[in-house]
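Read through the structure below, which is laid out as structure tokens, and then see the notes.
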Amino acid sequence: MKSINELIKEIKELKSELHDKDFLLTWEQTPEELERVLKTAQVLKAMRQENIATNVFNNGLGISLFRDNSTRTRFSYASAINMLGLAQQDLDEGKSQIAHGETVRETANMISFCADAIGIRDDMYLGAGNAYMREVGEALDDGVKEGVLPHRPALVNLQCDIDHPTQSMADLAWLEEHFGGLDKLKGKKIAMTWAYSPSYGKPLSVPQGIIGLMTRFGMDVTLAHPEGYDLIPEVVEEARKNAEASGGSFTQVASMEEAFKDADIVYPKSWAPYQVMGRRTELLRANDHDGLKALEKECLGQNANHKDWHCTEEMMKLTKDGEALYMHCLPADITGVSCEEGEVEESVFEKYRIATYKEASWKPYIIAAMILNRKYQEPGHILQELLDDAKKRVK
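Under our numbering, residues 778 to 1172 are what the sequence shown spells out, in order.
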């Protein structure tokens, strides 16, 4: 394991323009920029473990806007901004003037007078979440340009309709830790597969985030889902391009068995079909409750045709040496625990439960690393100052 000083030295050597752009899609960042976020997260985690304070800011706000339910990401964001010395303020749209016609441009500026970070989760409307984040970013740029805001807050995508970068980057950090380095991931097979769930409407952003990111590091990425459960075509094409550029591969297959065969890592996760998410978006916007109920009934019936897409002990035996690493963004639909029939067998999940918790534990550090790299052109120097000062977090 590398020392904190070694990691900081490597951070300083990596080229990056992250200070000039928001982290909205992983495939918009260069491999070096992705690696710098990973190393920044590793330093922050190591400093935390060594009881070294990481308060970069003496005051300021970290604004959060969650348009969908969240446990891990909500608390990870709160942990991240607190770790950096910021206070959290959640934007409750129901208690704001947004309902009275306040524009995105106005809201973005009004909440940002003393803000150093803004985290947004907006994954319910296909074609809208990522676009909304970009609109907020443009409003912040204009606020700085016109002298309304003293500085530009870092904008972090906490999950949108296209990508879930804090999740996929935390997943990558866990794989780097588990296998002993990014270079050890080259040639490793990861199976991103659909799995049965007794619910519908789960976002596409996790599987899309996985195929969009893991193909950047020379991995052999296999995507599997039943017929009709397609992802956004442009993201699938991005994964193909990424694999070609990195020397890895991207393959699509029609069964969980084929995807699991000889896999080093498996990621069985339910999601709603791309076409369904488009229909759901139209119904949500129209406030068509009857239409939404009918669509849910239709989709649950469609899901029920694929209960054999189930991560069982027998399925795991198909993987490399029968010991592939199981991953999940959580919460998993565990058969006999959280539901009658779901994504994963209880015995399989229990075997890897601690591993999935460790996977999730990377998210606060990843989010904090994204903020640091957006706020500072040379985060390595900031981290070095913290290390040299070495104030104890708990006295």
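By construction, the Cβ of each residue, glycine as well, lies at the ideal position given by its N, Cα and C atoms.
- Counting along the chain, VAL933 sits inside the beta strand (DSSP E) bounded by residues 931-937.
- Contact annotation, ASP893 with LYS1128: C-beta distance approximately 41 Å; criterion of less than 8 Å not satisfied.
- Less than 8 Å separates the beta-carbon of GLY995 from that of LYS963.
- Here THR1028 carries a strand assignment [DSSP, helix/strand/coil].
- Annotation: TYR977 is outside any alpha helix (DSSP H) and is labelled neither H nor E by DSSP.
- The continuous stretches of alpha helix (DSSP H) do not include VAL998, which lies in the beta strand (DSSP E) extending over residues 997-1001.
- PHE800 is classed as buried because its beta carbon has at least 16 other beta carbons within 10 Å across all chains shown.
- The beta-carbon distance between VAL820 and LEU784, rounded to whole angstroms, is 5 Å. This is short enough to meet the 8 Å contact definition.
- Judged by DSSP secondary structure, MET778 falls outside any beta strand (DSSP E); it is assigned neither H nor E.
- A distance below 7 Å between beta-carbons, with the five flanking residues on each side excluded, links SER793 to the following residues of its chain, in chain order: GLU809, GLU810, ARG813 and ASN1150.
- The alpha-carbon of ALA1071 is positioned some 13 Å away from that of GLY978.
- In this structure, ILE788 and THR817 form a Cβ contact; the two beta carbons are roughly 6 Å apart against a cut-off of 8 Å.
- For ILE1009, no beta strand (DSSP E) run applies, since DSSP gives it neither H nor E.
- For the pair ASP869 and SER841, the CB atoms are not nearer than the 8 Å cut-off.
- Taking C-beta atoms as the reference points, THR1133 and TYR1044 fail to come closer than 8 Å.
- Contact between the segment 951-963 and the segment 924-932 is not established, with fewer than three Cβ pairs separated by less than 8 Å.
- Distances from the CA of ILE967 to each of GLN1029, GLU1014, LEU1107 and THR943 were compared; the closest alpha carbon is that of GLN1029.
- Annotated as distal: ILE897 and SER889, with beta-carbon spacing of 8 Å or more.
- The DSSP assignment places complete alpha helix (DSSP H) segments of no fewer than 4 residues inside the segment 895-950 at 906-922, in order along the chain.
- Contact annotation, VAL983 with CYS1076: C-beta distance approximately 18 Å; criterion of less than 8 Å not satisfied.
- In the three-state scheme derived from DSSP, where H, G and I count as helix and E and B as strand, ILE888 is classed as coil.
- In the structure shown, GLU1122 falls within a strand segment according to DSSP collapsed to helix, strand and coil.
- Judged by their CB atoms, GLU1117 and SER974 are not nearer to each other than the 8 Å cut-off.
- Rounded to the nearest angstrom, the gap between the Cα atoms of LEU1095 and CYS1088 is 11 Å.
- As the crow flies, the alpha-carbon of GLY871 is around 12 Å from that of PHE843.
- If you compare the alpha carbons of THR807, ILE829 and MET778 with that of LYS1168, the shortest gap goes to ILE829.
- DSSP places GLN866 within a strand segment (E or B) once states are collapsed to three.
- Secondary structure at LEU842: strand, using DSSP grouped into helix, strand and coil.
- With contacts defined by Cβ atoms closer than 8 Å, TYR1142 and LYS822 form a contacting pair.
- C-alpha of ASP1166 to C-alpha of GLN826: approximately 16 Å in a straight line.
- In this structure, HIS941 sits away from GLY1005, with a CB-CB distance that is not shorter than 8 Å.
- In the DSSP assignment, TYR1051 falls within the unbroken alpha helix (DSSP H) covering 1051-1062.
- The alpha-carbon of ASP1039 is positioned some 7 Å away from that of ASP1098.
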